[in-house]
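Each protein sequence line maps, in turn, to chains C and E.
When we follow our numbering, the leftmost residue of the first sequence carries the number 1, and every step to the right adds one.
When we follow our numbering, the leftmost residue of the second sequence carries the number 1, and every step to the right adds one.
C-beta atoms are modelled at their ideal positions from N, C-alpha and C, and glycine is treated no differently.
Values in this document were obtained by computation on a predicted structure and should not be read as measured data.
For reference, the structure discussed in these notes is given below.
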Amino acid sequence: MKLKIKNNNTCDNFFTQKTDIITENLNLYYGNFHALKDVNCNIKEKMVTSMIGPSGCGKSTLLKTFNRMNDLVEGCKISGKVVIGGKDIYANGIDVSLLRKNVGMVFQKPNPFPMSIYDNVAYAPRTFGIRKKGELDYIVQKSLVKAAMWDEVKDRLNRGALTLSGGQQQRLCIARALAAEPKILLMDEPTSALDPISTAKIEELCLELKENYTIVIVTHNMQQAGRISDYTAFFLLGELVEFNTTDNIFESPEDERTENYISGRFG
Amino acid sequence: MYRLKYEAELKKLKLSLLTLCAEVSAQIENSITSLISCDIALARETASRDDIIDNMELDIEKQCHKILLRENPVAKDFREVFAALKMITDLERIADQAEDIANIVIGFGEERCAVKNFENLLKMSKIALEMVSGSVNAFIKQDIKLADKIAQTDDELDFLFLKLKEDLIQRIKKNSEYAEDIIGIIMIAKYLERIGDHAVNICEWTKYFEGGLKELK
């Protein structure tokens with residue numbers, strides 16, 4: 001069953017090509033601060049790409065450009081291109097709601113809505129016009145199964161989401177994002193507030209989800225980047241210093257700054 | 001600079017590895033010298049030093065284990081620890097073979113030590129010695145070109161081994177009186193040939209240390 005949207009668009013035809021994320025000479029300013037400097041990268045479809053770098057290097061800023069979350073920041077100016085699935089997402093006439101539906105996001109701190117587990121997951125489908133209980137039940141179950149927490153919560157779907165543990169709340173947020181049937185999942189330090197077991201569950205989930213989704217994850221945990229990502233991008237002071245396969249980055253990085261950062265010699 | 005303790009541990013590992021390299025080079029040099037000059041006292045001393053090498057290998061293993069377990073090395077640091085773990089196995093085997101050669105020399109005794117009659121064995125000894133010291137030098141200098149050059153000389157060692165083996169078969173066929181000594185000689189030759197292989201491995205790990213897995217392709 002495909003999610004139907006009020007204006008008769010479906011999520012499948014929003015992107016016309018493979019959901020690679022390509023940036024071309026991307027520059028971003030917050031007022032006078034040059035946060036991203038000529039970033040050129042090609043994030044491949046159905047792969048996990050990690051973004052690493054010291055705090056303030058621009059990795060979260062870049063992540064937010066992929067679903068235009070920076071539009072909400074006052075004084076934010078962008079030049080260059082971000083092309084996803086063949087579509088320039090900063091071109092005139094882009095439906096930003098539809099973009100964000102297709103490019104889901106999970107944040108550092110679990111942020112479930114203060115409502116039931118069921119209503120959290122059903123929130124996006126309801127927003128896009130689905131009202132029938134049968135359809136909603138199906139989407140909620142499917143999303144919770146994908147987020148590897150259906151068995152844990154199937155008997156208490158009406159309980160408040162805030163009663164869940166931190167790790168469960170984060171997986172609920174992933175389920176909530178998946179319920180919108182995105183093509184791309186952006187994760188901004190999704191496990192930094194979680195214990196090792198919850199972290200392992202989210203990491204396992206990333207590896208399962210990449211069969212169907214393009215995943216971009218910002219992380220400060222080098223071992224996590226090494227464990228779960230196919231590609232790794234290293235940022236420093238707004239510049240993309242190195243982008244390569246994770247094996248290459250962690251075995252033989254080309255740039256000395258990458259080597260010094262991943263081996264903990266600065267940052 | 002962060003991670004000063006880690007830096008100190010990596011530095012200590014490298015120093016330990018260089019010390020082991022020097023010790024193994026001396027062992028192979030002494031065993032071959034004892035063979036060529038029929039120096040039984042030197043052969044005995046060489047054989048007795050193998051325990052020292054074994055303990056050094058164990059110490060380096062422990063250092064690598066600790067670094068891998070606690071420091072999560074990546075990039076060049078990881079390659080250094082990984083190469084060290086691989087190289088010490090080859091270095092320890094070279095030392096074992098130096099001990100084996102020394103024991104055969106001891107078994108020959110001064111009177112029966114007729115190595116000088118086997119020109120190809122002398123040539124093999126010289127090449128094996130050069131390969132060990134060359135491979136260790138390539139590692140110390142981190143010189144990939146030297147490592148490549150040293151690795152290539154292994155073909156010559158293999159060729160000489162086959163020639164020597166053929167020669168020894170003919171000698172046994174002609175006169176079996178010295179068969180026991182000839183078996184000793186062929187064993188030494190085989191040890192030398194294996195030492196060459198281990199030296200090639202050291203060259204390979206030197207290349208890996210410098211450039212990663214792509215250097216091994």
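Item	Value
Per DSSP, G104 of chain C forms a beta bridge with which residues?	C:L185
Since P110 of chain C meets chain E, which of its residues come closer than 7 Å, beta carbon to beta carbon?	Within 7 Å Cβ-Cβ: nothing; P110 of chain C doesn't reach chain E, min ~27 Å.
So which residues of chain E does I217 of chain C contact, with C-beta pairs closer than 7 Å?	Within chain E, no residue comes near I217 of chain C; the closest Cβ sits about 18 Å away, beyond 7 Å.
Find the nearest neighbour of G86 of chain C within the set C:P110, C:I139, C:I22, C:A200, judged by alpha-carbon distance.	C:I22
Taking the alpha-carbon positions, what's the A161 of chain C to Y208 of chain E distance?	51 Å
Does Y261 of chain C pass the burial test, meaning 16 or more other C-beta atoms within 10 Å, or should it be called exposed?	buried
Beta-carbon separation of A124 of chain C and K101 of chain C under 8 Å?	yes
If I'm right that Q97 of chain E touches R3 of chain E with Cβ under 8 Å, what's the distance once you round it to whole angstroms?	Contact flag wrong, Cβ pair sits at about 39 Å.
So is G129 of chain C buried or exposed if we call it buried at 16+ other beta carbons inside 10 Å?	exposed
If you measure from the beta carbon of G264 of chain C to each beta carbon in chain E, is any gap under 8 Å?	yes
Would you verify that the beta carbon of L4 of chain E is, or is not, closer than 8 Å to some beta carbon of chain C?	no
Taking the straight line between their C-alpha atoms, what separation do you get for L240 of chain C and E9 of chain E?	31 Å
Go ahead and pull the three-state DSSP assignment for L237 of chain C.	coil
Nearest-angstrom Cα distance between N32 of chain C and V74 of chain E?	36 Å
Our contact map puts A179 of chain C next to V103 of chain C with C-beta atoms below 8 Å; I'd like the distance itself, whole angstroms only.	Incorrect: roughly 14 Å between the Cβ atoms, too far for contact.
Smallest Cα separation from T127 of chain C: which of C:T219, C:P110, C:A177?	C:A177
At what residue ranges does the segment 64 to 103 of chain C contain a whole run of the alpha helix (DSSP H), taking only runs of 4 or more?	96 to 102
Figure out for me which residue from C:E135, C:V73, C:N92 has the closest Cα to the Cα of V82 of chain C.	C:N92
Please compile the residues from chain C whose C-beta is within a distance smaller than 8 Å of the C-beta of N72 of chain E.	M222, Q223
Count Cβ pairs between the segment 182 to 197 of chain C and the segment 60 to 67 of chain C that sit closer than 8 Å; are there 3 or more?	yes
Can you list, in chain order, the residues of its chain whose CB lies under 8 Å from that of A179 of chain E, leaving out five sequence neighbours each side?	I172
Which residues in the same chain as I174 of chain C place their Cβ atom closer than 6 Å to its Cβ, once the five residues preceding and following it in sequence are excluded?	V106, A147
What did DSSP end up calling E211 of chain C once you bin it into helix, strand or coil?	coil
Short of 6 Å in beta carbon distance, which residues of its chain neighbour N9 of chain C, apart from the five on each side in sequence? Order them along the chain.	Because the pLDDT at N9 of chain C is just 41, under 50, the model does not fix this residue reliably, and the value given afterwards should be weighed accordingly. Closer than 6 Å at Cβ, skipping near neighbours: no residue.
What are the uninterrupted segments assigned as alpha helix (DSSP H) that are 4 or more residues long and contained completely in the segment 80 to 129 of chain E, given in chain order?	none
How would you list, in chain order, the residues of chain E whose beta-carbon sits under 9 Å from the beta-carbon of S229 of chain C?	Within chain E, no residue comes near S229 of chain C; the closest Cβ sits about 14 Å away, beyond 9 Å.
In chain E, which residues lie with their C-beta within 8 Å of the C-beta of P253 of chain C?	A75
Just to confirm, are K59 of chain C and Y231 of chain C a CB contact at a threshold of 8 Å?	no
Select from E:S25, E:E61, E:E71, E:C38 the residue whose C-alpha is nearest the C-alpha of K5 of chain E.	E:E71
By how many angstroms is the C-alpha of V200 of chain E removed from the C-alpha of A102 of chain E?	22 Å
Go through its chain and collect everything with a Cβ distance to E61 of chain E's Cβ below 8 Å, but skip five positions before and after it.	L85, I88
Are the CB atoms of R44 of chain E and I94 of chain E within a distance shorter than 8 Å?	no
Buried or exposed: which applies to T16 of chain C, given that a residue is buried once 16 or more other Cβ atoms fall within 10 Å of its Cβ?	exposed
Looking only at its chain, what residues have a beta carbon closer than 8 Å to the beta carbon of P114 of chain C, apart from the 5 residues adjacent to it on each side?	G160, A161, L162
Output yes or no for whether 8 Å exceeds the beta carbon distance between L42 of chain E and S34 of chain E.	yes
Can you give me the C-alpha to C-alpha distance between K6 of chain C and E215 of chain E, rounded to a whole angstrom?	Low per-residue confidence applies at K6 of chain C: pLDDT is 47, beneath 50, and the placement is therefore not dependable, though the value from the model is reported in the following sentence. Going by the C-alpha atoms only, they are around 57 Å apart.
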